[in-house]
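Notes for the one structure printed next.
Take a look at the structure:
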């Protein structure tokens with residue numbers, strides 16, 4: 001739960017205000033799907049003991065639609081030639097109110113919820129007896145689990161123009177809901193809108209960003225409002241005014257989208273949904289907080305300064321980072337040990353603690369990898385292709401950084417070092433979000449690394465995201481973040497892919513296979529299988545499934561593998577054939593990543609059956625064949641559609657450092673851009689440089705194209 005949303009624990013009585021833009025479609029008809037989702041959420045909350053009061057708009061819009069239709073079908077041809085005259089607003093309200101309530105009654109009846117209608121006007125609230133009676137009536141209804149549905153009675157309101165007159169005790173349903181929140185002592189007011197919350201500017205504009213917690217002193221002068229509601233009276237300006245009024249009097253308010261099917265539930269679960277207004281908000285939000293967009297923009301600006309440096313200057317930054325890590329090894333070790341102790345106390349799995357641990361010699365190893373990276377050939381500005389388009393017109397295709405990278409990773413603090421060094425080498429800005437279990441390790445590593453970046457570039461080149469709540473904001477910044485690389489569980493990768501328009505590079509699972517052919521050298525096969533499983537069981541390139549040719553079942557070779565793995569403490573689970581033949585427990589799934597001392601074993605007919613199994617149950621990460629038959633091996637290498645395919649070598653070799661890439665940001669199973677271990681080259685793109693001497697196209701009249709390839 002977001003700390004700023006902790007107040008929801010004490011919420012019992014809730015007022016929900018739904019606007020015309022939510023209850024009606026663009027054509028003016030009722031939005032049945034949205035209204036149904038709203039009623040289902042109210043039903044759930046009602047059954048959980050919450051007291052729900054609904055304030056609804058939409059009657060005027062519904063009535064206008066109905067009266068337009070009645071007028072149309074009762075019009076003569078001559079009438080249709082006359083200019084369209086909009087029906088009277090009060091008549092629209094009178095006609096629409098019954099239709100709107102009839103629909104609410106039908107929807108709630110289907111959900112076995114009772115509802116009631118209360119129509120009020122501004123003048124009613126001038127009477128103290130009315131206000132007392134209103135409170136008593138609502139309390140009685142709520143005690144019976146009846147949902148009171150309020151609306152301003154526009155049909156008999158004394159306003160001169162219901163959609164223009166903003167005088168009185170309340171002037172629209174937003175201000176009515178705020179007034180009711182105070183009169184009825186509500187614990188929370190939820191204002192449903194047609195956008196996700198309050199933005200710093202019109203939501204459609206590129207630079208507008210959602211404001212999660214409204215601080216009057218900070219935001220009042222910064223916000224630029226767009227047009228008012230397309231159909232209702234107020235729009236966001238009215239909602240903010242009502243929210244500030246209610247919050248300042250002690251009722252928390254959340255403005256969120258009514259287009260989502262579960263936003264009210266999410267608000268009450270403490271999720272960071274929409275915009276919160278609270279009388280203590282100024283105490284929660286630091287006046288100088290750095291938002292997601294600011295972090296991304298700063299990283300881009302710093303990356304451009306980094307790119308402007310010479311190759312030697314960029315190399316020196318990497319060497320300084322390597323030296324700084326070694327100089328601060330003891331401090332890093334202390335923070336890492338604190339993370340490990342906390343993880344053990346919290347009962348985390350051994351595989352996670354293994355990934356979390358910076359083992360002895362790890363900092364030295366990381367520093368040496370950074371030095372190797374620094375001494376690699378300069379990757380930025382390389383001319384990849386030169387073409388003469390026409391006489392005196394030369395085109396060059398050159399390498400350049402992608403821009404700003406967002407890396408979300410779990411558990412492994414050493415990943416932060418590898419990723420940061422690759423970002424510097426490739427000239428990219430970087431935003432990092434590590435797992436909470438490695439928070440202290442990540443914080444000290446980030447401090448050491450950014451401390452080695454010169455002021456001419458700026459330490460904001462590499463930003464460390466410390467709150468999980470900032471991730472949704474970052475994933476929306478497709479205009480300033482160029483690539484997201486998630487490193488972690490299948491769930492993490494899937495969630496990120498579903499939550500962003502930014503390209504995502506990575507792999508969801510590391511289900512790596514080793515296939516032992518009948519032609520395999522058994523001693524070699526045992527070494528490869530042992531290494532692939534035991535060298536680092538928690539790694540994504542560790543063997544998770546052992547496939548064995550059926551011939552080895554007859555010769556006893558398969559039994560040798562079983563004995564060897566069991567002697568090393570590996571738990572074995574069988575596929576359909578293996579579990580029967582070997583009398584071992586059946587695997588829960590053939591598509592399963594253990595990340596521990598366990599693996600699946602299955603028996604296959606031949607290399608083609610092995611390939612079929614890998615395609616059906618694998619993750620296109622790394623797969624290996626052990627075979628002396630070169631023809632069989634070549635079939636495997638040609639036909640297995642994975643990012644890395646090996647012959648007679650452990651799957652553990654699938655690693656950026658081992659491939660000579662210096663380091664890796666991760667291993668990609670994507671088929672676009674980079675695939676396999678992603679090093680510096682995977683973080684680069686290209687651009688075109690054209691050099692001419694005054695040429696113009698002019699319909700291609702005077703241009704003689706040569707399109708001649710030139711030497712680099």
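In full-length UniProt numbering, the protein residues as written are 1 to 712. We put the beta carbon where it would ideally sit given N, CA and C, even for glycine.
Any idea if residue i is buried or exposed, counting beta-carbon neighbours within 10 angstroms, 16 or more meaning buried?
i: residue 311; result: exposed
i: residue 576; result: exposed
i: residue 437; result: buried
i: residue 677; result: buried
i: residue 546; result: buried
i: residue 496; result: buried
i: residue 17; result: buried
i: residue 313; result: exposed
i: residue 637; result: exposed
i: residue 360; result: exposed
i: residue 149; result: buried
i: residue 568; result: exposed
i: residue 20; result: buried
i: residue 712; result: exposed
i: residue 315; result: buried
i: residue 709; result: exposed
Smallest Cα separation from residue i: which of the options?
i: residue 421; options: 399, 453 and 672; result: 453
i: residue 409; options: 458, 432, 63 and 426; result: 432
i: residue 351; options: 322, 595 and 549; result: 595
i: residue 188; options: 20, 552 and 270; result: 270
i: residue 553; options: 331, 486 and 603; result: 603
i: residue 214; options: 618, 144, 243 and 238; result: 243
i: residue 425; options: 319, 148, 260 and 179; result: 319
i: residue 54; options: 108, 9 and 626; result: 108
i: residue 512; options: 367, 57 and 652; result: 652
i: residue 683; options: 28, 402 and 237; result: 402
i: residue 29; options: 570, 62 and 47; result: 62
i: residue 41; options: 147, 7 and 634; result: 147
i: residue 458; options: 514, 712 and 306; result: 306
i: residue 616; options: 592, 628 and 680; result: 592
i: residue 210; options: 481, 383, 274 and 339; result: 274
i: residue 366; options: 377, 343 and 416; result: 416
i: residue 520; options: 695, 572 and 550; result: 550
Which value, in whole angstroms, describes the spacing of the CA atoms of residue i and residue j?
i: residue 541; j: residue 535; result: 10 Å
i: residue 186; j: residue 266; result: 18 Å
i: residue 120; j: residue 14; result: 19 Å
i: residue 199; j: residue 369; result: 44 Å
i: residue 626; j: residue 298; result: 50 Å
i: residue 94; j: residue 50; result: 31 Å
i: residue 428; j: residue 10; result: 46 Å
i: residue 277; j: residue 303; result: 36 Å
i: residue 363; j: residue 444; result: 13 Å
i: residue 672; j: residue 503; result: 10 Å
i: residue 705; j: residue 628; result: 53 Å
i: residue 584; j: residue 52; result: 55 Å
i: residue 515; j: residue 539; result: 19 Å
i: residue 246; j: residue 238; result: 12 Å
i: residue 674; j: residue 434; result: 22 Å
i: residue 341; j: residue 23; result: 52 Å
i: residue 462; j: residue 250; result: 40 Å
i: residue 165; j: residue 295; result: Caution is warranted here: a pLDDT of 41 is assigned to residue 165, below 50, making its placement in the model unreliable, and no coordinate value can be reported.
i: residue 65; j: residue 56; result: 17 Å
i: residue 400; j: residue 346; result: 44 Å
i: residue 487; j: residue 691; result: 41 Å
What distance in whole Å lies between the Cβ atoms of residue j and residue i, which are believed to be in contact at a cut-off of 8 Å?
i: residue 105; j: residue 115; result: 6 Å
i: residue 394; j: residue 388; result: 6 Å
i: residue 689; j: residue 466; result: Wrong, their Cβ atoms sit about 40 Å apart, outside the cutoff.
i: residue 485; j: residue 405; result: 6 Å
i: residue 618; j: residue 589; result: The pair is not a contact, with the Cβ atoms about 12 Å apart (cut-off 8 Å).
i: residue 526; j: residue 498; result: That belief does not hold up - the Cβ atoms of residue 526 and residue 498 are roughly 42 Å apart, past 8 Å.
i: residue 645; j: residue 607; result: That pair is no contact at about 12 Å.
i: residue 208; j: residue 258; result: The Cβ separation is near 19 Å, so there is no contact.
i: residue 524; j: residue 560; result: With 8 Å as the limit, residue 524 and residue 560 do not qualify as a contact, their Cβ atoms being about 13 Å apart.
i: residue 261; j: residue 37; result: 4 Å
_Quick check on the DSSP output: what are the complete beta strand (DSSP E) runs of length 3 or more inside the stretch 554-604, in order along the chain?_
571-574 and 598-604
*Only counting runs of 4 or more residues, tell me where the alpha helix (DSSP H) segments fall wholly within the stretch 300-387, in order along the chain.*
311-327, 329-345, 350-356 and 362-374
*Entirely within the stretch 74-144 and at least 3 residues each: give me those beta strand (DSSP E) ranges in chain order.*
115-120
_Which runs of the alpha helix (DSSP H) at least 4 residues long sit entirely within the stretch 617-704? Give them in chain order._
630-639
_Could you tell me which whole alpha helix (DSSP H) segments of length 4 or greater appear in the stretch 15-39?_
20-23
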